[in-house]
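**Q** Take the sequence shown: its position 318, counting from 1, is numbered 633 in this note's numbering, and each next residue is one higher.
Glycine is no exception: its CB is placed at the ideal position from the N, C-alpha and C atoms.
My questions will all concern the structure given below.
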Amino acid sequence: MPRFATSWLLCAGLAPLAWQSPALGDDWPTRPVKLVVSHAPGSSTDIVARYIATQLARGWAQPIVIENKPGGQNIIGAQAVTRASPDGYTLFYGTTSALVSNLYTIKGLPYDPVKDFVPIRFIGYSPFMIAATAGLKASTLKEALSAPGKDGTGPRVATEGAKTFSGILANTLESMSGARWTTVPYSKSSEALQDTIAGRTDLVVLPAIVVMNHVGQGRLKALAVSTASRLPSMPDVPALGETFPGFGLAGWHMLAAPAGTPASVVARLNRELDTLLAKPEIARHLASLGLDTDPALSTADQNRRFLQQEHATWQRITRQTGLVPE
Numbered sequence: 316m317p318r319f320a321t322s323w324l325l326c327a328g329l330a331p332l333a334w335q336s337p338a339l340g341d342d343w344p345t346r347p348v349k350l351v352v353s354h355a356p357g358s359s360t361d362i363v364a365r366y367i368a369t370q371l372a373r374g375w376a377q378p379i380v381i382e383n384k385p386g387g388q389n390i391i392g393a394q395a396v397t398r399a400s401p402d403g404y405t406l407f408y409g410t411t412s413a414l415v416s417n418l419y420t421i422k423g424l425p426y427d428p429v430k431d432f433v434p435i436r437f438i439g440y441s442p443f444m445i446a447a448t449a450g451l452k453a454s455t456l457k458e459a460l461s462a463p464g465k466d467g468t469g470p471r472v473a474t475e476g477a478k479t480f481s482g483i484l485a486n487t488l489e490s491m492s493g494a495r496w497t498t499v500p501y502s503k504s505s506e507a508l509q510d511t512i513a514g515r516t517d518l519v520v521l522p523a524i525v526v527m528n529h530v531g532q533g534r535l536k537a538l539a540v541s542t543a544s545r546l547p548s549m550p551d552v553p554a555l556g557e558t559f560p561g562f563g564l565a566g567w568h569m570l571a572a573p574a575g576t577p578a579s580v581v582a583r584l585n586r587e588l589d590t591l592l593a594k595p596e597i598a599r600h601l602a603s604l605g606l607d608t609d610p611a612l613s614t615a616d617q618n619r620r621f622l623q624q625e626h627a628t629w630q631r632i633t634r635q636t637g638l639v640p641e
């Protein structure tokens with residue numbers, strides 16, 4: 316049985332009326348659509364969400380209104396969407412943490428990422444990058460992972476903290492490789508970058524969009540992007556899957572809606588996003604914002620399978636690293 320079957324069975328008595336309602340058919344939307352973004356205004360995720368919303372609503376008679384609800388590891392925004400009426404007028408600009416990883420890192424999560432949302436369309440990967448200080452002799456990720464470091468205890472790896480995506484990725488790499496290193500947590504990515512550029516840490520694990528400018532200026536060496544295969548926007552940077560075959564761990568963005576949102580609305584949004592993301596100029600602009608699209612993740616079935624695979628990945632990471640929800 317599909318994972319959203321329960322929601323549809325509960326609404327079965329209302330289904331005939333929903334299909335006959337013009338607001339949910341060709342005339343939708345007849346009023347502004349709210350897009351909840353669980354990140355702060357001006358953040359990288361917010362910038363991408365606003366761009367997608369602007370492009371998507373161009374052919375509509377109604378606007379998409381952004382509602383920022385940051386905080387609580389995306390919980391505030393996600394929970395607001397789960398409490399909204401599933402009428403097609405509230406959408407969620409979801410990311411990895413809100414739709415998958417929170418389930419494995421936060422104890423007593425007040426919503427269910429699987430049951431409370433219906434995926435509409437994958438937007439793109441927001442990959443992380445493993446980069447080295449320019450003075451590190453290692454030229455590949457494998458060499459860097461086994462580097463002795465200045466004090467002989469292995470490389471010092473700068474992250475954004477143990478429970479962040481950056482820290483979890485670093486700990487996963489340490490576990491898989493059997494490497495011996497020292498993780499150095501920072502509260503600000505800018506400080507992690509500066510210490511790695513200065514050579515006070517050997518490696519840094521941060522979003523690729525944050526690191527690439529420093530790589531281009533020769534202040535850092537790109538060792539790997541965190542996806543299973545190379546990205547079109549960074550064809551010269553090895554993928555993590557080249558060192559650990561088949562493995563990748565990247566952030567991503569996905570448009571979603573409250574479970575129970577009419578299938579007609581979900582299908583229409585999926586089609587329109589598919590058309591939008593297939594445009595080369597849109598893909599290029601998203602790449603400039605740090606997001607790589609994937610044409611293999613366009614249909615509803617592909618998106619559901621993708622989410623299932625992500626849950627399996629995070630379950631495996633939890634076991635490998637001993638990650639305990641807090």
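Measure the alpha-carbon distance for residue 431 versus residue 397 and round it to whole angstroms.
**A** Answer to the nearest angstrom: the Cα atoms are 6 Å apart.
**Q** Within the segment 415-465, note down every full alpha helix (DSSP H) run reaching 4 residues or more, in order along the chain.
**A** Counting whole runs of 4 or more residues, the segment 415-465 contains the alpha helix (DSSP H) stretches 417-420 and 456-460.
**Q** Closer than 8 Å is the cut-off here; do at least three beta carbon pairs connect the segment 408-416 with the segment 617-634?
**A** Judged by Cβ distances under 8 Å, the segment 408-416 makes contact with the segment 617-634, as three or more pairs qualify.
**Q** Would you mind giving the Cβ-Cβ distance between residue 408 and residue 348, rounded to the nearest angstrom? I have them listed as a contact below 8 Å.
**A** With 8 Å as the limit, residue 408 and residue 348 do not qualify as a contact, their Cβ atoms being about 12 Å apart.
**Q** Taking the alpha carbon of residue 579 as the reference point, which residue from 404, 366, 369 and 392 has its own alpha carbon closest?
**A** For the residues 404, 366, 369 and 392, the minimum Cα distance to residue 579 belongs to 404.
**Q** May I ask you to report which of helix, strand or coil DSSP gives residue 543?
**A** Of the three classes helix, strand and coil, the one that applies to residue 543 here is coil, per DSSP.
**Q** Who are the near neighbours of residue 380 in its chain, counting only those whose CB is closer than 8 Å to its CB and skipping five residues on each side?
**A** These residues qualify, in order along the chain: 347, 348, 349 and 350.
**Q** Measure the alpha-carbon distance for residue 332 versus residue 382 and round it to whole angstroms.
**A** Confidence is the limiting factor: at residue 332 the pLDDT is only 37, short of 50, which leaves the residue's position unreliable, though a coordinate-based value still follows. Rounded to whole angstroms, residue 332 to residue 382 spans 29 Å at the Cα level.
**Q** To test your reading of the DSSP string, which unbroken alpha helix (DSSP H) runs of 4 or more residues are found completely within the segment 334-419?
**A** As far as the segment 334-419 is concerned, its whole alpha helix (DSSP H) runs of at least 4 residues are 359-371 and 390-397.
**Q** Going by DSSP, which residues form a beta bridge with residue 573?
**A** DSSP lists 432 as partners of residue 573.
**Q** Determine the direct distance from the alpha carbon of residue 567 to that of residue 460, and round the result to whole angstroms.
**A** Roughly 25 Å between the two C-alpha positions.
**Q** Which partner residues of residue 611 appear in the DSSP bridge assignment?
**A** For residue 611, which the question treats as bridged, DSSP gives no partner whatsoever.
**Q** Give the DSSP bridge partners of residue 594, in chain order.
**A** Beta-bridge pairing links residue 594 to no other residue.
**Q** Identify the continuous beta strand (DSSP E) that holds residue 508 and give its terminal residues.
**A** Here residue 508 belongs to no beta strand (DSSP E); instead the alpha helix (DSSP H) covers 504-512.
**Q** Quick one: using the 10 Å Cβ neighbour count with 16 as the cut-off for buried, is residue 454 buried or exposed?
**A** It is exposed - the Cβ of residue 454 has fewer than 16 other Cβ atoms within 10 Å.
**Q** What residues in its chain sit with their C-beta under 8 Å from that of residue 400, if we drop five residues either side in the sequence?
**A** If we look at residue 400 and ignore the five residues flanking it on each side, its Cβ neighbours are 573.
**Q** In angstroms, rounded to a whole number, what distance separates the CA positions of residue 375 and residue 447?
**A** Answer to the nearest angstrom: the Cα atoms are 46 Å apart.
**Q** Could you tell me the alpha carbon to alpha carbon distance between residue 337 and residue 638, rounded to whole angstroms?
**A** Low per-residue confidence applies at residue 337: pLDDT is 41, beneath 50, and the placement is therefore not dependable enough to give any value.
**Q** Going by the CB atoms, is the gap between residue 449 and residue 534 shorter than 8 Å?
**A** Yes, they are a contact pair.
**Q** Give every residue of the same chain whose Cβ lies closer than 7 Å to the Cβ of residue 565, excluding the five residues on either side of it in the sequence, and list them in chain order.
**A** If we look at residue 565 and ignore the five residues flanking it on each side, its Cβ neighbours are 440, 441, 442, 443, 541 and 542.
**Q** Using the Cα positions of residue 501 and residue 556, report the straight-line distance between them to the nearest angstrom.
**A** Taking the straight line joining both Cα atoms gives about 26 Å.
**Q** So is residue 481 buried or exposed if we call it buried at 16+ other beta carbons inside 10 Å?
**A** Residue 481 comes out buried.
**Q** Could you tell me the distance, in whole angstroms, from the CA atom of residue 625 to the CA atom of residue 429?
**A** Rounded to whole angstroms, residue 625 to residue 429 spans 11 Å at the Cα level.
**Q** Under the rule that 16 or more other beta-carbon atoms within 10 Å means buried, what is residue 514, buried or exposed?
**A** Exposed, because fewer than 16 other Cβ atoms sit within 10 Å of the Cβ of residue 514.
**Q** From the DSSP output, in three-state form, read off residue 563 for me.
**A** Of the three classes helix, strand and coil, the one that applies to residue 563 here is coil, per DSSP.
**Q** If I'm right that residue 584 touches residue 438 with Cβ under 8 Å, what's the distance once you round it to whole angstroms?
**A** Between residue 438 and residue 584 the Cβ distance is about 12 Å, and since that is not below 8 Å, they are no contact.
**Q** With distance defined between alpha-carbon atoms, name the residue in 486, 478 and 560 nearest to residue 471.
**A** Closest by alpha carbon: 486.
**Q** When you compare only the Cα positions, how much space is there between residue 582 and residue 434?
**A** Approximately 10 Å between the Cα atoms of the pair.
**Q** Output needed for residue 411: all residues of its chain with C-beta closer than 6 Å, excluding positions within five of it in sequence on either side, in chain order.
**A** 566 and 567, listed in sequence order.
**Q** What's the C-alpha gap between residue 354 and residue 421?
**A** Straight-line Cα distance between these residues: approximately 18 Å.
**Q** By how many angstroms is the C-alpha of residue 388 removed from the C-alpha of residue 617?
**A** Taking the straight line from one Cα to the other gives about 26 Å.
**Q** Does DSSP classify residue 498 as helix, strand or coil?
**A** Strand at residue 498.
**Q** Taking C-alpha atoms, which residue in 357, 419 and 554 lies nearest to residue 478?
**A** Of the candidates 357, 419 and 554, the one whose C-alpha sits nearest the C-alpha of residue 478 is 419.
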